[in-house]
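Chains as they are written, first to last, in our numbering: chain A, 12 to 796; chain B, 146 to 418.
Heads up, the thing below is written out as C-alpha cells.
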Amino acid sequence: MSDAEDTAGAGGTGSLGRSVRRKEDRRLVTGHGRFVSDLQLPRMRHVAFVRSPMGHARITGVDTAAAVDAGYRVFTGADFAGVVLRARSALPSYVETDQPVLAWGKVRFAGEPVAAVVAGDRYRAEDACELVEVDYDPLPATVCAWAAPQVPVHAAAPDNVLLERRFEAGSVEAAFAAAAVVVERELVTNRHAGNPMECRAGVALWDAAERKLTFWSGTQVPHIVRNMLAELLDLPEGNVRVIAPDVGGGFGVKAVLYPEDVALCLIARGMPGVPVKWVEDRVEHLAAATHARDHRYLISAGFASDGALLGVQADVSCNVGAYSVYPWTAGIEPLMAGGLLSGPYRLDNYRCTVRGVATNTAPSGPYRGVARPASVFAMETVLDAAARELGLSGVDIRRRNLIRPQDIPYTMPSRLVDDSGHYGACLDAALEALGYEQWRAEQARRRAEGGAPIGIGFAVYNELTGLGRAASAGPRMPFRTGHDACTVRVNPDGKVTVFSGVTSQGQGLETTVAQIVADGLGVGYDEVEVRIGDTDTSLWGFGAFSSRQAVIGGGAAHRSAVAVRDKVLALAAGLLEAAVEDLRIEGGQIRVVGEPTPRLSVAEVARVAYLESNRLPAGIEPGLEATQFYDPVRGAFAAGAQAAAVEVDRTTGELRILSYVCVEDAGRVMHPQIVDGQIAGSIAQGIGGALYEHLVYDEDGNLSTGTLLDYLMPTSAEIPELTIGHLARPAANPLGVRGVGEGGTLGPNAVLAGALGDALGVAVDTLPITPATVWSLMRGQEAGS
Amino acid sequence: MKCAPFEYVRAGSVAEAVTVLRDTDGEGKILAGGQSLVPILALRMARPAVLVDVNRIPDLDGVARNDGSVRIGALTRHSALVAQTEHPLLAEAARWIGHAAIRTRGTAGGSIAHADPAAELPAVAVGCGATVHVAGPAGERSVPATELFVGALMTGLGEDEMITGLDLPVPARWGFAEFARRHGDFALVTAVVAEIEGEIRVTVGGAAPVPVRASRAEAVLAAGGPAAEAGRAAAEDLRPTGDLHGSADYRRAIAGEMVRRALAQAGVGTGAN
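Right, dumping it as C-alpha cells:
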C-alpha cells in the first residue's frame, strides 16, 4: 500500500529503495557472527560480580579473606572509590549524584554490584562470589516514585527528586474555562526492560607497555564509551580503543556506560596483559541493566464541544531508579515525556510538570521509544475519554486535532518544531488497511446478536528522529549528539571500503550504509564493504539511539560518497580531457553524457590515484578518499498511526488481536525489508509492554520478576500478523529519510487500551493489560451496574 | 547463573542409579531431561553433590498399550507422548508442555518426579488415576498418583528412589483445557476430564499445591447436572493462592471455566449423555 510515486529511490539502477541482500547476513545466519562472548584471547580470565541482595542498606563490612585465600583476585568498592559515574546536565533543577563503580558505604538497589572476582572460568568466578561476605544494615526502601520517600536514595536529594521541569505555553486556566468538557485521568504505566537477546558483555585488556586500553563491548555507542573511559581512567583518548563487534540487540539498554563496564576496565588495569571477560546472564540483566517506562501521569485535558483540544495539564512522575543513568541523566524519560506529550496534536495551552524521582530500583535508561509509549498512551486515553463524553468517534476527535501539512513547520507547545504533518494521511491509510467500517459493522452485529465483544483502538504519534544539534539531548548534557562522520575510501583496485561511525545491533547498518555509498558514488552495491564499531578505524559516530543513524550516519555516508565521486569525476575529466559536468558515473563506469559506451571505470581512476601518479592531472592530489560529517541541525519527525481490532473473552479476560495495522511515514524507504523489520519488531516490543512485560518490586526492593519465568517476553506465538504500510514523504535531508527504529513501540499501549475500552466501555488506567486485569475490570463493571 | 560444583555419574542401570543415590545420603539428584533441574542448578537453588544421569539406562522409554491403560517408561520424552496415539488425552496434554525444544528433552518421569503443581503430566496422572512405578534399593513398589504428590514440588519418593514408569488408564471420554499467559508457559490452571471405568473424574492443576480432584463438580455431573454448574462447583471447591499473574479469585474463576471447557470437549454435562 505504499504510495509508489512517493517512494524515492524506487526504480533506477541504484540499490536504494530495494531490499538488497543484507551484507551481514552471511555471517549472522550461518553461525559465524562475532559477538563479545565469542572472543577468546590468550590468558583470558572471567569476572563475576557479587551483587546486593538488598534494595537499600548500609554496607557495614566486606570480607574477602576466604576468596583471596582460595586464590581469587577480588575487587571491592573501596578499590575503585576514586572513580564515580556522574551524569552531568546544566538544567537548573538537576541534582547531580554519583554512581559508584562498585558500591561502598551503601547499596541503593537489589542487584547493584558490590564486589568483583576474577577466576579461570565463570563457574569458578561464581563459586568465588559465594566466598565474599558482605554485611548489610538494612534501610527502608522506596520503590514507587509517587509514594512518600522513606530514607533518601541520595543525600543530595532529600525528596528523591533528581530533576523537575515545567513546560508552559498559553493559559491552561483560560482553556479549561472555555472547555465544554475537561477529562481527568490518573494513568500508571508498567516498568519494563529492553531484554535484547544478547545480554551485556565486555572484555577489557590493558597493555601496560603502551599504556593502551582495549575494550570489546556490546555497546551501541563505542565512541561515547571511548570518550567516557578516557575521562574516567584519566587516559589520552587515543590510548583507548573500543570495539563493538556483532551485537545481538540493544534497544537503548546498551547505549549506557555501566559500572560493570568501568569495573572491567579498572580490573584490567590492575592485571596488565590479562584480558578480563564478563558476559551478563539474564538474571543480572533483569536486575541490573536499565529499566524503563515506570511512570504516572496525572493528566487533564479540555475540549470544545466539537472536539477541539483546548488545553492539556499534566503532572508526570518517572521512576528513574537508584542512579541518574550515565551519561544520559535522570532527565531522559521525564524530559521526553514532557516534550512530546501533546504528540501530533495541535495545542496552544499546555502546562506539564515532569520529574525524575530516584527510588531503590535499578536505574532507568533509554529504551526504544523513550517515554513515548507511556506519553502516547496518556494522550490517546484522554482523547478517547473526551470523545466518549462528547459523543464523537475516536477517529473524528483525532482528525479534528491532528497537525496538518499546512501547519508545517509546527511549533509544539514544548517548542519542538514538527516538520511532518502527515498524520491524517497515516490515520486514513491505517483505517483503510484495517477495514475500519467492516469491524464497526461486526462490532454492532455482535452487540445485537451476542458473541465475544470486539473493540477498535487507535494511536497516532510523532517520532522525533535523527536529532541534530539544535534538537538533540534535552537534558543539556556536556555533549551534543547531532553529528556523525564517515570515511569513504576507494581502494587502488576500485573497490570501496567505508569506515562509518554508525553501529549495528542487528538492524543492518552495514547494508544501509553500503547502499547509500554505492548510489552516492555510482558503484555497485557489491563493490562496497562497510566497517563499523571500531573506534580505531572510524573517525566519529555517536552511535545507535534516538532513531538517528539512517538520518545522520546515513547523511555522513552520502556526503562522503558524493565528495569521492566529485574527485573521481575531476580526475576522470583530466584524464579524458572532458568537462566534469559532462561526465556521469553509474555502476562503476564513467561515461560522457550522450555517448553509448563508458570511457573509463572507477577502478582505472583509482589505479591512477594510487599507483600511476605520473598520469595524475595537474592540481589533483593522489589518493581517493573523503571524510565528511553530517548534522541535520534539527530533527526529522516521523508520523505514524496504528489501529487494531481486538476480541475479548468474557470468561477469561483474554484479549485476542484480530487485526493490527501500522502506517508510518518513514520518509524515503531505503531498504523496504529492513524498514518493515524495524516497524514489526518495535510493534512486537510494544505489544509485549502493553500485554505481558512487567518488572515488579516488592516493598523491600526485591525484584519479584527476576527470571523469564515471571517476566513475560512475548514470543512469536503472541504477536499477530501485522499489516504495515508506508507513506514515504521525503524529509528535508540529503537522503530524504526519517528514522524508523522506535516508532512502532509508541502505539500498542494506546491502541490496545483504547480497543479494550471500545469493546467493553471500561477505562484502562494501568498497564500492562493482563487477562486478570481485564477480568477485574469486567467484574467491577458488573458490580457497578 | 552457573551451577555449583557437583559430581557426575552416568548410571547404566536402574539398580546402579538407586545404589548411587543411596550412597550419597540424600545429596544426589537424578538428571533426566534436565528441563527443570538444570535451570534450578544454574540459579544455585539446588546444590546436589552428585548428579545421576539416567539418560543412557536402556529400556526406560516408550509407550505401550496394556489392556485398559498405557505403560509409559520414565525416560519417554514429551515429544513421544505427543506423537503416540494410544492415549489421546495424554497426547493432547503433552502438546501444551513448554516449547518444541523442551518437549524433545523433557521426560515423563522427570515431570512427575518434579511435581510442579502447574505442570500438565501430574494433572493427567491424577486425572486418569495413574499408578507410578518406583525403584529403590529395596526393590520396586507402585504408588497411586493421587498419593505420590504431597505438596508443591514434593512427592513421597525416597531420596534413593527413582520413577521407572507409570501405568495410565485410557479414558473412554476425555477433555483437556489449559489457561496460560503465553503459549508454552506453565499453566495458571489446567483442567482434566477423564471417564475411567464409567466414572467421570474432574481434576484441576495449578490451583492448589498438588493436582486435585474436583469432587463437588463430579457430584454435580453424577447427578446429571450441566457442565457450567460443574465448573462453578469446581471453582467453589478451590482455595488457590494469588500471585503476580492473577488473584485467588481470578484463578478460581478460570478454573471453573477450564473445567467447563474440558467437560464440553469430553461431551460430558452437555445434556447429550
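Even for Gly, the Cβ is constructed at its ideal location relative to N, Cα and C.
Q. In terms of alpha-carbon separation, which member of 505(A), 166(A) and 197(A) lies closest to residue 393(A)?
A. As a position in the first sequence, residue 393(A) is number 382, starting the count at 1. Nearest C-alpha to residue 393(A): 197(A).
Q | Short-range partners of chain A found in the stretch 319–330 of chain B, where Cβ spacing is below 8 angstroms | A | Answer in chain order: 324, 326, 327, 328, 329 and 330.
Q: Give every residue of the same chain whose Cβ lies closer than 6 angstroms to the Cβ of residue 286(A), excluding the five residues on either side of it in the sequence, and list them in chain order.
A: As a first step, residue 286(A) must be located in the first sequence, where it is residue number 275. Close CB contacts of residue 286(A) within its chain, under the 6 angstroms cut and outside five residues either way in sequence, are with 52, 55, 214 and 216 (chain order).
Q | Counted within 10 angstroms of its Cβ, other Cβ atoms place residue 19(A) as buried (16 or more) or exposed | A | As a working mapping, residue 19(A) is identified with position 8 in the first sequence. In this prediction, residue 19(A) has a pLDDT of 37, which is less than 50 and means its spatial position is unreliable; nothing more can be read from the coordinates.
Q: Could you confirm whether any beta carbon from chain B is found closer than 8 angstroms to the beta carbon of residue 157(A)?
A: Position 146 of the first sequence, counted from the first residue, corresponds to residue 157(A). Chain B, which has no Cβ nearer than 8 angstroms to the Cβ of residue 157(A), makes this no.
Q | Segment contact flag, the stretch 526–546 of chain A with the stretch 573–585 of chain A, C-beta cutoff 8 angstroms, min 3 pairs | A | Between the stretch 526–546 of chain A and the stretch 573–585 of chain A there are three or more inter-stretch CB-CB distances shorter than 8 angstroms, so the stretches are counted as touching.
Q: Could you name the residues of chain D that residue 732(A) contacts, counting a contact when the two beta carbons are closer than 9 angstroms?
A: Among the protein chains of the structure shown, namely A and B, there is no chain D.
Q.
Using the Cβ count rule (16 or more neighbours within 10 Å means buried), how would you classify residue 689(A)?
A. Residue 689(A) sits at position 678 when you count from the first residue of the first sequence. Here residue 689(A) is buried, its C-beta having at least 16 other C-beta atoms within 10 Å.
**Q.** At least 3 beta-carbon pairs within less than 8 angstroms: the stretch 613–627 of chain A vs the stretch 448–466 of chain A
**A.** The answer is no - the stretch 448–466 of chain A does not touch the stretch 613–627 of chain A, with fewer than three Cβ pairs under 8 angstroms.
Q | Residue closest to residue 415(A), alpha-carbon to alpha-carbon, out of 380(A), 400(A), 471(A) and 466(A) | A | In the first sequence, residue 415(A) corresponds to position 404, counting from 1. Of 380(A), 400(A), 471(A) and 466(A), the smallest CA-CA separation from residue 415(A) is found for 471(A).
Q: Measure the C-alpha to C-alpha separation of residue 712(A) and residue 146(B) and round it to an integer number of angstroms.
A: Within the first sequence, residue 712(A) is the residue found at index 701, counting from 1. Within the second sequence, residue 146(B) is the residue found at index 1, counting from 1. Between the C-alpha atoms of residue 712(A) and residue 146(B) there is a straight-line separation of about 21 angstroms.
Q) If the cut is a Cβ gap below 9 angstroms, which residues of chain B does residue 739(A) touch? A) Here residue 739(A) refers to the residue found at position 728 of the first sequence. The premise fails here: residue 739(A) is roughly 35 angstroms from chain B at the closest Cβ pair, so nothing lies under 9 angstroms.
Q: Could you tell me the boundaries of the beta strand (DSSP E) in which residue 675(A) lies?
A: For the purposes of this step, residue 675(A) is identified with residue 664 of the first sequence, where counting begins at 1. Element bounds for residue 675(A): 666–675.
Q) With respect to the alpha helix (DSSP H) encompassing residue 222(B), which residues constitute its N-terminal and C-terminal limits? A) On the second sequence, residue 222(B) is found 77 positions in, with the first residue counted as 1. Residue 222(B) -> no alpha helix (DSSP H), and no H or E assigned at all.
Q) Any Cβ of chain A within less than 8 angstroms of the Cβ of residue 395(B)? A) If you number the second sequence from 1, residue 395(B) lands on position 250. Interface criterion met: the Cβ of residue 395(B) is under 8 angstroms from a Cβ in chain A.
Q: Give me the Cα-Cα distance between residue 142(A) and residue 42(A), rounded to the nearest whole angstrom.
A: Taking the first sequence and counting its residues from 1, the one referred to as residue 142(A) is at position 131. Taking the first sequence and counting its residues from 1, the one referred to as residue 42(A) is at position 31. Distance between the alpha carbons of residue 142(A) and residue 42(A): 37 angstroms.
Q: Establish whether the CB of residue 147(B) and some CB of chain A are separated by less than 8 angstroms.
A: Here residue 147(B) refers to the residue found at position 2 when the second sequence is read from its first residue. Output row for residue 147(B): interface = yes.
Q: Compare the Cα-Cα distances from residue 110(A) to each of 786(A), 609(A), 334(A) and 326(A) and report the closest residue.
A: Within the first sequence, numbered from 1, the residue matching residue 110(A) stands at position 99. When each option's Cα is compared against that of residue 110(A), the closest is 334(A).
Q: Grab the span of the beta strand (DSSP E) containing residue 288(A) for me, first residue to last.
A: Walking along the first sequence from the start, residue 288(A) turns up at place 277. Residues 287–290.
Q: Can you have a look at residue 211(B) and say buried or exposed, based on whether 16 or more other CB atoms are within 10 angstroms of its CB?
A: Looking up residue 211(B) in the second sequence gives position 66. Counting of Cβ neighbours within 10 angstroms places residue 211(B) among the exposed residues, the total staying below 16.
Q: Return the residues of the stretch 400–416 of chain B that lie within a Cβ-Cβ distance of less than 7 angstroms from chain A, sorted by chain order.
A: Taking 7 angstroms as the Cβ-Cβ cut-off against chain A, the residues of the stretch 400–416 of chain B that qualify are 402.
Q. Between the stretch 280–303 of chain A and chain B, which residues of the former have a C-beta closer than 9 angstroms to a C-beta of the latter?
A. Going along the stretch 280–303 of chain A in chain order, one finds 292, 293, 294 and 295 with a Cβ nearer than 9 angstroms to chain B.
Q) Under the three-state reduction of DSSP, which class applies to residue 352(B): helix, strand or coil? A) Here residue 352(B) is taken as the residue at index 207 of the second sequence, counted from 1. Residue state, collapsed to three classes: coil.
Q | Cα-Cα separation, residue 97(A) to residue 80(A) | A | The count along the first sequence starts at 1 and reaches residue 97(A) at position 86. The count along the first sequence starts at 1 and reaches residue 80(A) at position 69. When the Cα atoms are used, residue 97(A) and residue 80(A) turn out to be separated by approximately 35 angstroms.
Q. Sorted by chain position, which residues of the same chain lie with C-beta nearer than 8 angstroms to residue 581(A)'s C-beta, five sequence neighbours on each side aside?
A. Along the first sequence, read from residue 1 onward, the residue named residue 581(A) stands at position 570. Residues 591, 628 and 631 of the same chain have their beta carbon placed closer than 8 angstroms to that of residue 581(A), with the five preceding and five following residues left out of the count.
Q: Express the C-alpha separation of residue 409(A) and residue 192(A) in angstroms, rounding to a whole number.
A: Counting from 1 along the first sequence, the entry for residue 192(A) is found at position 181. Counting from 1 along the first sequence, the entry for residue 409(A) is found at position 398. Residue 192(A) and residue 409(A): Cα-Cα distance of roughly 16 angstroms.
Q: Let me know the secondary structure DSSP gives residue 363(A) once reduced to three states.
A: The sequence position of residue 363(A) within the first sequence is 352, counting from 1. Note: residue 363(A) maps to strand in three-state DSSP.
Q.
Give me the chain B residues within the contact set of residue 147(A), using Cβ-Cβ distance strictly less than 8 angstroms, ordered along the chain.
A. Numbered from 1 along the first sequence, position 136 holds the residue referred to as residue 147(A). By Cβ distance, chain B contributes nothing, its closest Cβ being about 19 angstroms from residue 147(A), past 8 angstroms.
Q: Could you name the residues of chain B that residue 726(A) contacts, counting a contact when the two beta carbons are closer than 9 angstroms?
A: On the first sequence, residue 726(A) is found 715 positions in, with the first residue counted as 1. What residue 726(A) touches in chain B: 244, 327, 328 and 329.
Q. For a contact meaning CB atoms closer than 9 angstroms, what does residue 134(A) contact in chain B?
A. In the first sequence, the residue the question calls residue 134(A) occupies position 123. By Cβ distance, chain B contributes 147, 148, 149 and 150.
Q: Kindly indicate which three-state DSSP category residue 658(A) falls into: helix, strand or coil?
A: Within the first sequence, the letter at position 647 stands for residue 658(A). Strand.
Q | Pairwise C-alpha distance: residue 706(A) and residue 367(A) | A | In the first sequence, the residue the question calls residue 367(A) occupies position 356. In the first sequence, the residue the question calls residue 706(A) occupies position 695. Cα-Cα distance, rounded: 18 angstroms.
Q) Any idea what DSSP makes of residue 562(A), helix, strand or coil? A) Working through the first sequence from its first residue, we reach residue 562(A) at position 551. Coil at residue 562(A), not helix or strand.
Q) Can you name, in chain order, every residue of its own chain whose Cβ lies under 7 angstroms from the Cβ of residue 546(A), other than the five neighbours on each side? A) Your numbering for residue 546(A) matches position 535 in the first sequence. Only 233, 234, 237, 252 and 253 meet the Cβ criterion.
**Q.** Between the CA atoms of residue 181(B) and residue 795(A) - distance to the nearest angstrom
**A.** Here residue 795(A) refers to the residue found at position 784 when the first sequence is read from its first residue. Here residue 181(B) refers to the residue found at position 36 when the second sequence is read from its first residue. Their backbone Cα atoms lie some 44 angstroms apart in a straight line.
**Q.** Nearest residue (CA-CA) to residue 821(A), options 311(A), 329(A), 731(A) and 328(A)
**A.** Because chain A spans 12 through 796 in this model, residue 821(A) falls outside it and cannot be assessed.
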